[in-house]
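For the record, in the sequence shown the residue sitting at position 218 is 278 according to the numbering used here, with numbers rising by one throughout. A quick write-up on the structure given underneath.
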Amino acid sequence: MANVVYDNITLQYPGTDRPAVAGLALDIEDGEFLVLVGPSGCGKSTALRMLAGLEEVTDGRILIDDEDMTHVSPKDRDIAMVFQNYALYPHMTVAENMRFALKIAGVSKDERRRRVEAVAEQLDLSDYLDRKPKALSGGQRQRVAMGRAIVREPKVFLMDEPLSNRDAKLRVQTRSRIATLQRELGVTKVYVTHDQTEALTMGDRIAVMKLGVLQQVGTPRQLLDHPVNTFVAGFTGSPAMNLFTAEVTDDGVLFGNVVLPISVDVRAAIRGDRVVIGVRPEDLVVGPAGLESLQITATLIEELGADGYLFGTAPLAGDAVSVVARVDGRNHPEVGESVSALPVSERVHLFDPGSGRRIGSLSERG
Ligand code: ADP
């Protein structure tokens, strides 16, 4: 087990006009499950590959267990990596696939057997040890690929989009299995995905990246309750946070035909007469039309069992804006209906319209 430090790491690929990763500073604790997440091309795989030693950094240092590993070759970093395309050796059995790397590493025969059996047990593969990969389901094959990495007992375990070629149901199953396994093994893990749901459900902490730049790192709750900018706010949570540009008066924010009061301190932090207001769909309370609030016309209702989501449009600051609000799964307005929506005031986020940076809530800065 080990801690990992990205110490102001930058990598610019030759022939490109901006770094794929720029000044990444990130401390990953011993035993932590850290998820790197962001849209395609944001630099998350590059960040992972630099840790594995598969890409040479342009600037900065990588520390593993407090040792400078920046220029150490991949095989000497004591890291195991599971890729999106986990190639198993087709002519070898499950046990042989898992034993192979140990054999190369010079681990004794008895120890090899012990480790493979223990990991197979953890991964529910004990009954399949003598099968060839072609006789396994996709999920089982993936577990073998993970097992092959785990038996080596690496200091750090890396996974790059391991679930992206699974169907939805298997993704959810494998997701919980990986998360449980992580807790049992207690090994430091860095996991890359573009899927924020996966990130929020699996990670101890999540590092959100955009265009090579780390935006925020925090627990799922910190990201959801305290997004540092509109990018993180809009990227995390499902459906995403509503972000509206609203007009500001001397003492409040105009939200439809109601003024949401803001503190003097928050008002002083708002430059100009507009602010971006962020409200998650679950924090918008929908009621009958005509109340003092935002007036929404429902254009679509999505029923998801216990919950439903109302999608609609509303007039705000001279525009027709799109709005999403959570409603009851059974007892909800119909398409075409007009409703009112008021935010839970302590859950309103305010952002600067120019920089996108967080200003605070209605009552407090920060
Ligand atoms: P992600 O994993 O978030 O999708 P990547 O780390 O793969 O992003 O890529 C980050 C950026 O670096 C992208 O703009 C991508 O096009 C670029 N990139 C990745 N690999 C190379 C390479 N070998 N040569 C040049 N540019 C690359």
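Beta carbons: idealized from backbone N, C-alpha and C, even for Gly. Since the model is a prediction, treat every value here as computed from it, not as a measurement.
Counting the other Cβ atoms within 10 Å of the Cβ of aspartate 136 gives fewer than 16, which makes it exposed. Leucine 108 sits close to valine 252, with the two beta carbons spaced by under 8 Å.
With a threshold of 7 Å, the Cβ atom of threonine 76 counts as near ligand 1, since some heavy atom of the ligand is closer than that. In the DSSP assignment, arginine 175 falls outside any beta strand (DSSP E) and lies within the alpha helix (DSSP H) extending over 169–182. In this structure, the straight-line span from the alpha carbon of leucine 123 to that of methionine 219 is close to 19 Å. In the pairwise beta carbon analysis, the stretch 314–323 is classified as touching the stretch 340–359: at least three pairs are separated by under 8 Å. DSSP places aspartate 285 in the uninterrupted alpha helix (DSSP H) bounded by 280–285. The beta-carbon separation of aspartate 333 and valine 308, rounded to 5 Å, stays under the 8 Å limit for a contact.
Rounded to the nearest angstrom, the gap between the Cα atoms of alanine 178 and arginine 159 is 12 Å.
Judged by their CB atoms, leucine 223 and threonine 240 are not nearer to each other than the 8 Å cut-off. Where aspartate 187 is concerned, there is no enclosing beta strand (DSSP E), because DSSP gives it neither an H nor an E.
Contact between tyrosine 149 and asparagine 157 holds, with the beta-carbon distance rounding to 6 Å and staying under 8 Å. For valine 292, the secondary structure class from DSSP, reduced to helix, strand or coil, is helix. One thing to note: valine 345 has its Cβ no nearer than 8 Å to the Cβ of leucine 410.
Distance from the CA of threonine 106 to the CA of histidine 254, rounded to the nearest whole angstrom, comes to 13 Å.
Shown here, alanine 259 sits in a helix according to DSSP, grouped into three states. Per DSSP, reduced to three states, the secondary structure at isoleucine 139 is strand.
With a cutoff of 8 Å on beta-carbon distance, valine 384 and asparagine 289 are scored as not near each other.
Contact annotation: the stretch 258–278 does not touch the stretch 191–205, with fewer than three C-beta pairs closer than 8 Å. In this structure, alanine 377 and alanine 306 form a Cβ contact; the two beta carbons are roughly 5 Å apart against a cut-off of 8 Å. When DSSP reads this structure, methionine 269 sits in a beta bridge with Leu274. In the structure shown, glutamate 156 adopts helical secondary structure according to DSSP, grouped into three states.
Residue burial annotation: isoleucine 164 is exposed, with fewer than 16 other C-beta atoms found within 10 angstroms of its C-beta. If you compare the alpha carbons of Glu89, Pro280 and His151 with that of glycine 246, the shortest gap goes to Glu89.
Taking the C-beta atoms as reference points, threonine 279 is found no nearer than 8 Å to glycine 91.
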